[in-house]
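Have a look at the structure below, then the notes.
Residue numbers (the numbering used here), protein chains in the order written: chain A, 24 to 144; chain B, 28 to 187.
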């Protein structure tokens with residue numbers, strides 16, 4: 024396969040409000056952030072994304088969702104991979120100012136692979 | 028804003044100045060998101076980071092906590108967030124551990140960035156003892172789960 028055609032699968036755990044804006048954008052891109060110093064974190068392992076969506080997003084926002092998307096592998100080489108806690112806890116550091124460019128390198132659509140709600144609901 | 032003004036603000040910081048650095052959100056997200064204090068807070072943080080070891084710990088704490096709140100609604104995190112958290116841990120010890128955890132718990136982005144702290148083994152052991160004690164006396168299930176999550180964090184730091 025041509026290296027330009029290769030993609031890397033990434034995940035991002037999100038709450039309901041961020042998910043609504045992703046849907047509003049036709050499942051094609053993540054909503055913009057303020058530029059300059061902030062960092063946008065996609066994660067590299069679905070189990071880690073599940074942990075965050077289930078344990079953090081549900082507690083903070085009432086529900087949590089795991090999004091899955093493919094990004095051109097060549098493009099991702101410019102970003103640093105950061106381990107934040109264990110074997111599966113790898114994240115990609117994407118400066119918020121690069122998010123528009125990052126979005127344009129997403130191939131296909133952003134899918135929701137898991138949804139979490141408070142237990143009993 | 029010039030450096031003299033920023034330095035004076037930091038040197039004389041007290042509760043009455045909190046309104047200038049607090050997360051001042053318009054309640055919107057994505058492209059409509061606005062935090063009226065974002066620019067000043069970001070400028071202040073960039074100015075203070077090189078001298079962070081001498082900045083009033085109350086100011087470091089307030090910046091850290093407000094950046095955490097920002098991250099929850101802005102869905103991203105300041106890239107030097109962990110440097111502020113590290114100061115709370117090193118200079119504030121177990122008394123400030125709760126603030127570190129509070130800021131780091133605001134969002135998945137804050138959680139990730141706050142993991143980049145560098146602290147001594149001795150301090151890490153102190154935090155683990157303090158966390159274990161809090162878990163035993165947690166006031167509710169939510170607090171217990173949060174502290175169990177951070178026990179894993181500090182065990183990971185200790186293992187590095």
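Cβ atoms here follow ideal geometry from the backbone N, Cα and C, with glycine treated the same way. Model, not experiment: these values are computed from the prediction.
- Query: Anyone know if the C-beta pair for residue 103/B and residue 62/B falls short of 7 angstroms?
  - Reply: No. Outside cutoff.
- Which residue comes first and which comes last in the alpha helix (DSSP H) that contains residue 54/A? It is not in any alpha helix (DSSP H) - residue 54/A carries neither H nor E in the DSSP assignment.
- Query: Taking Cβ positions, are residue 45/A and residue 133/A nearer each other than 7 angstroms?
  - Reply: yes
- Query: For residue 177/B, which residues of its own chain have a beta-carbon under 7 angstroms away from its beta-carbon, when the five flanking residues on both sides are left out?
  - Reply: 128, 158
- Message: Please confirm whether residue 140/A has its beta-carbon closer than 7 angstroms to some beta-carbon of chain B.
- Response: no
- Query: What residues in its chain sit with their C-beta under 7 angstroms from that of residue 143/A, if we drop five residues either side in the sequence?
  - Reply: Note that residue 143/A scores a pLDDT of 45, beneath 50, so its modelled location is shaky and nothing firm can be said.
- Message: Using a Cβ distance threshold of 8 angstroms, determine whether the stretch 100-119 of chain B contacts the stretch 56-73 of chain A, with at least three qualifying pairs required.
- Response: yes
- Query: On the three-state DSSP scale, how would you describe residue 106/A?
  - Reply: Three-state result, residue 106/A: strand.
- Item | Enclosing beta strand (DSSP E) for residue 93/A [first to last residue] | 87-95
- Residue closest to residue 140/B, alpha-carbon to alpha-carbon, out of 107/A, 113/A, 56/A, 127/A: 107/A
- Item | Contacts that residue 57/A makes with chain B (C-beta to C-beta distance below 8 angstroms) | 60, 62, 65, 101, 103
- Message: Please report the straight-line C-alpha distance between residue 116/A and residue 30/A, rounded to a whole angstrom.
- Response: Taking the straight line from one Cα to the other gives about 17 angstroms.
- Taking 7 angstroms as the CB-CB limit, is residue 119/B close to chain A? Put simply, the CB of residue 119/B is far from chain A, with every gap to its CB atoms at 7 angstroms or more.
- Message: So the candidates are 39/B, 58/B, 44/B; which of them puts its Cα closest to the Cα of residue 119/A?
- Response: 58/B
- Message: Using the Cβ count rule (16 or more neighbours within 10 Å means buried), how would you classify residue 136/A?
- Response: exposed
- Message: Below 8 angstroms on the Cβ atoms is my contact criterion, and I expect residue 67/B with residue 47/B to pass it. Report the Cβ-Cβ distance as a whole number of Å.
- Response: 6 angstroms
- Message: To the nearest angstrom, how far is the alpha carbon of residue 29/B from that of residue 35/B?
- Response: 10 angstroms
- Message: Please list the terminal residues of the continuous alpha helix (DSSP H) segment that includes residue 88/B.
- Response: 84-101
- Query: What does residue 36/A touch in chain B if you count any residue whose Cβ is under 9 angstroms from its own?
  - Reply: 135
- Cβ of residue 71/A within 7 angstroms of any chain B Cβ: Not an interface residue.
- Beta-carbon of residue 74/A versus every beta-carbon of chain B: anything under 7 angstroms? Using a Cβ-Cβ cut-off of 7 angstroms, residue 74/A does not count as an interface residue toward chain B, since no Cβ of chain B sits closer than that to its own.
- Query: Alpha carbon to alpha carbon, how far is residue 111/B from residue 49/A?
  - Reply: 37 angstroms
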